[in-house]
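Going down the list, the protein sequences come from chains A and B.
If you read the first sequence in our numbering, its first letter stands for residue 1, the second for the next number, and so on.
If you read the second sequence in our numbering, its first letter stands for residue 1001, the second for the next number, and so on.
There are 2 protein chains.
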Amino acid sequence: MGRPDLVKALLPESQMPTQWYNIVPDLPEPPPPHLDPGTREPLTVDDMAPIFARELCEQEFSTQRYIDIPEAVREVYRIWRPSPLVRARRLEQAIGTSARLYYKYEGTSPIGSHKANSSVPQAYYNAAEGVGRLTTETGAGQWGSALAFACEVFGMECEVWQVRASFEGKPYRRMLMQTFGATVHSSPSELTQAGRAVLANDPDTTGSLGMAVSEAVEAAATSGGVAKYALGSVLNHVVLHQSVIGEEVLRQLPMFGEEQADVVYGCAGGGSNLAGLSFPLLREKLAGRTDTRFVAVEPAACPSLTEGTYDYDHGDVAGLTPLLKMYTLGKDFVPDPIHAGGLRYHGMAPLLSHTVHTGLVEAMAVGQNEAFEAGIEFARAEGLLPAPESCHAIAAALADARTRTSEADGAAIVIGLSGHGQLDLPAYDAFLSGGLRDT
Amino acid sequence: MGRPDLVKALLPESQMPTQWYNIVPDLPEPPPPHLDPGTREPLTVDDMAPIFARELCEQEFSTQRYIDIPEAVREVYRIWRPSPLVRARRLEQAIGTSARLYYKYEGTSPIGSHKANSSVPQAYYNAAEGVGRLTTETGAGQWGSALAFACEVFGMECEVWQVRASFEGKPYRRMLMQTFGATVHSSPSELTQAGRAVLANDPDTTGSLGMAVSEAVEAAATSGGVAKYALGSVLNHVVLHQSVIGEEVLRQLPMFGEEQADVVYGCAGGGSNLAGLSFPLLREKLAGRTDTRFVAVEPAACPSLTEGTYDYDHGDVAGLTPLLKMYTLGKDFVPDPIHAGGLRYHGMAPLLSHTVHTGLVEAMAVGQNEAFEAGIEFARAEGLLPAPESCHAIAAALADARTRTSEADGAAIVIGLSGHGQLDLPAYDAFLSGGLRDT
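Here it is in structure tokens:
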């Protein structure tokens, strides 16, 4: 029996998941394979291993339902996991809804977002395989800080290409990465062939995740084996690591007396946050135990799921990554420099794209001003400033909740609150001063 | 039986304290009374009531051991309380100590520090008494954000005078206050007589908490009864509210199998964080059940406990506040603009001063560079960026822990981690670039 009067469900460390969940074996249709960009043949572990740690490549292609979380990774997870599932009672009252609003809050992690769930295992496996340095890209800076922290923990160097729009607009994130000992470059940079090519063409570009990926991959590939590359979203192994979020939610909802989540809203940039939250709950639905709806919320400025095509495309601008079957706006798409830097990606995780394509997950887009309006409403009621990315999920959830006023309409709505927005305050400041472009 | 292998002790909401603890009746010697600045007679509730909510004035003079926390306050506390007590295992390994290091982490609160523990009840009591606006001062911006949030919760306006050094150096905190709907002024300002007097004398002043207090008190006193004033530290009722910290620690230490804290280190600016953490543990010591040592750690740039005099002084520059018996550097003392803005106060909570004076609590000072060095060591091991204020406590605890290497030296050391430092990243940045003044 749960306690409907609870505000937040905290799990003891002993109930932290000990395995990640891989949705692949449970999908009604198998997801299309990644392809070799040269041969267009299905990619293999050996094809990816020069760039990524071998264990991560194994996970990328795994059809095993559950994969053990290494003890050393769980030890670091325990600094902040399990994360809280909170009932937003004050927000419910503020908008007068009969819905029960919950948020799964990943902002208690060391760097303030869900990204640490994957950076820690990625650094761990690389360190175990003797890699001395990890290269990566970062949009909002969330993934870069997460990897910088994880590299520090496992004694590796960390080199980050940060999308120029964020590098310039979010200096605090750069400082956070540097405090954890990382080296940070503005992307596109003069340090790589990929970066120089973009700059030659468009010196004033605001950058994009796709460009930064090219630079980081190139740096790893040309390091003579010293460095490998780490990706913060999109790929199957990242989605796998994020499944701890949803596994915890399944243990926490009953603490409130809820039998299921009726609707789940999560923001979708590369897709790992939403997939991590949703896939364990989707497993329950596919097994016929629940009838949860899942909604991916993307920014109107970068609408890959709602306006992109479902096709094979590269994950980066230079075409260094494998071909991934996904919803994409095209690898050369440069989104407006919206404040939700973590959502400025042309593609979408293949596994999430597949579930959207097969009708298991819905998708919608939200404008930037609507997102910040919802974020401020949330902050003033709950006292917690959400990341601009998370604001998109909040906006969609609030729009839904406002339509529910009678007891019969009541529903358990779960919002993926991927992180806090304290380092994004200039964006809130600009919004409050009326200065945001609404795309 | 506790679990020595635990990383963090999380209490369920049902074990959140329902009462605040007032140390006054348990002190071996009664603390000296506050005095009326005019008559130098002991102050009464009626003397303070024009400025503060009556209920808070009652608490200021209370000799009752326990005071019930109102249900409406507990409901807001439940957003983040109980806060975690975490064992810093990675830090222990990093420095090779036999000590067991714990940190009580208040950074999970909505605004990222312990200040919300008092802002919420202060706003609640004022709202209950029909007050429409609260005025206050803020140093680092922690208290200002906490009060801005609490005023929003209880439907009141909030007007904040932020010390100029912080207003200019920490724009993110101003933005956070504004996001919660508060009005923020740089102090000293032209809006008050007190501010104009200071500016006339020293237009380039970096400001001080004592000046900002004068401005906020004056604004309340001249508001025609619309506004009252709220103080974020120093006074007995603030120390009272913060006792939830220590009460929780007493419930959490046994979860690790610890019978007591052997040493407690907390930073001391106005004193409420350290007193809130320590006084419930001091009660246990005074009752003969433990032999915990308590250490107040202050910045070398503002050493009220270690170099000030124990005497009656005003809490503000203009002399508007009551005379408080405390360790003080003199109300006109303007500390260097160190980054730990929350510690730049000339005085110290009378109750904490009394316990230092009577030998119950020890005091020491730490330099700014030593504090940041320790903070970065902590961040890289635990993944959590501490507030510059908290870095002082960490520095003292690490110096202690480094002397303990044998099993016989082992001890349970509890650090008061009053908040996170994500909004203080420019200070870390300056330190890493070698640019801090070491005072």
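Just so it is clear, CB atoms sit at the ideal spot from N, CA and C, and this is done for glycine as well.
| Check | Outcome |
| --- | --- |
| Beta-carbon proximity list for B:Gly-1132, same chain, < 8 Å, skipping 5 on both sides | Met-1156, Glu-1157, Val-1226 and Ala-1227 |
| Proximity of B:Gly-1271 and B:Gly-1246 at Cβ, strictly below 8 Å | no |
| Distance CB(A:Tyr-324)-CB(A:Gly-347) smaller than 8 Å | For the record, residue 324 of chain A in the displayed sequence is Leu; it is not Tyr. Going by C-beta atoms, A:Leu-324 is nearer than 8 Å to A:Gly-347. |
| 4-residue-minimum alpha helix (DSSP H) runs that sit fully inside the segment 1159-1234 of chain B, ordered along the chain | 1164-1169, 1171-1179, 1193-1201 and 1209-1221 |
| Any C-beta of chain A under 8 Å from that of B:Phe-1149 | yes |
| B:Leu-984 versus B:His-1237: straight-line alpha-carbon distance, rounded | Residue numbering for chain B in the displayed model covers 1001 to 1439; residue 984 of chain B lies beyond these limits and cannot be assessed. |
| Straight-line Cα distance separating B:Glu-1248 from B:Thr-1321 | 32 Å |
| Through-space distance from B:Tyr-1077 to A:Val-263, alpha-carbon basis | 27 Å |
| Straight-line Cα distance separating B:Val-1217 from A:Ala-268 | 48 Å |
| Inter-residue spacing [alpha-carbon to alpha-carbon] between A:Met-211 and A:Glu-106 | 27 Å |
| CB contact check: A:Met-175 to chain B, cutoff 8 Å | yes |
| Contiguous alpha helix (DSSP H) assignments of at least 4 residues, all confined to the segment 1093-1166 of chain B | 1116-1128 and 1142-1153 |
| Which listed residue (A:Leu-27, A:Ser-14 and A:Lys-8) has its alpha carbon closest to that of A:Thr-358 | A:Leu-27 |
| For B:Ala-1009, the three-state DSSP class (helix, strand or coil) | strand |
| Cut-off 8 Å between Cβ atoms - residues of its own chain near B:Thr-1405, not counting five sequence neighbours on either side | Gly-1096, Thr-1097 and Ser-1098 |
| Where B:Pro-1037 sits in the DSSP three-state scheme | coil |
| B:Arg-1344 versus B:Pro-1337 - alpha carbon distance | 8 Å |
| Proximal residues, the segment 241-258 of chain A versus chain B, C-beta separation under 8 Å | none |
| Paired residues, beta bridge with B:Ala-1412 - DSSP | B:Arg-1100 |
| Chain B residues whose Cβ lies nearer than 9 Å to that of A:Lys-8 | Glu-1013, Arg-1078, Ile-1079 and Trp-1080 |
| Cβ-based burial, B:Asp-1005 [other Cβ within 10 Å; buried from 16] | exposed |
| Interface residues of the segment 362-390 of chain A facing chain B [CB-CB below 7 Å] | Ile-376, Ala-379, Arg-380, Glu-382, Gly-383, Leu-384 and Leu-385 |
| Proximity below 8 Å, CB of A:Trp-80 to CB of A:His-241 | no |
| A:Lys-325: first and last residue of the uninterrupted beta strand (DSSP E) it sits in | 323-328 |
| Nearest candidate by alpha-carbon position, reference B:Ile-1415, set B:Asn-1273, B:Met-1177, B:Gln-1015 and B:Val-1234 | B:Asn-1273 |
| Whole beta strand (DSSP E) elements within the segment 1280-1348 of chain B, 3-residue minimum | 1293-1299, 1309-1314 and 1323-1328 |
| Check whether B:Tyr-1265 and B:Ala-1396 have beta carbons under 8 Å apart | yes |
| Beta bridge counterpart(s) of B:Asp-1068 as assigned by DSSP | B:Gln-1019 |
| Three-state class that DSSP yields for B:Glu-1362 in the structure shown | strand |
| Contacts that B:Gly-1342 makes with chain A (C-beta to C-beta distance below 7 Å) | Near B:Gly-1342 there are no residues of chain A at all, since even the closest Cβ is about 16 Å away, more than 7 Å. |
| Residue closest to B:Pro-1030, alpha-carbon to alpha-carbon, out of B:Arg-1040, B:Glu-1041, B:Phe-1052 and B:Ser-1062 | B:Ser-1062 |
| Minimum C-alpha distance to A:Tyr-125 - residue among A:Ala-411, A:Ala-72, A:Thr-309 and A:Ala-182 | A:Ala-72 |
| Of the listed residues B:Ser-1214, B:Ser-1189 and B:Glu-1215, nearest to B:Asp-1204 (C-alpha basis) | B:Ser-1189 |
| Per-residue contacts from A:Phe-154 into chain B (C-beta, under 7 Å) | Neighbours of A:Phe-154 on chain B: none; closest Cβ ~11 Å, over 7 Å. |
| Residue-chain proximity (A:Gln-122, chain B), Cβ-Cβ < 8 Å | no |
| DSSP three-state assignment for A:Pro-350, whether helix, strand or coil | helix |
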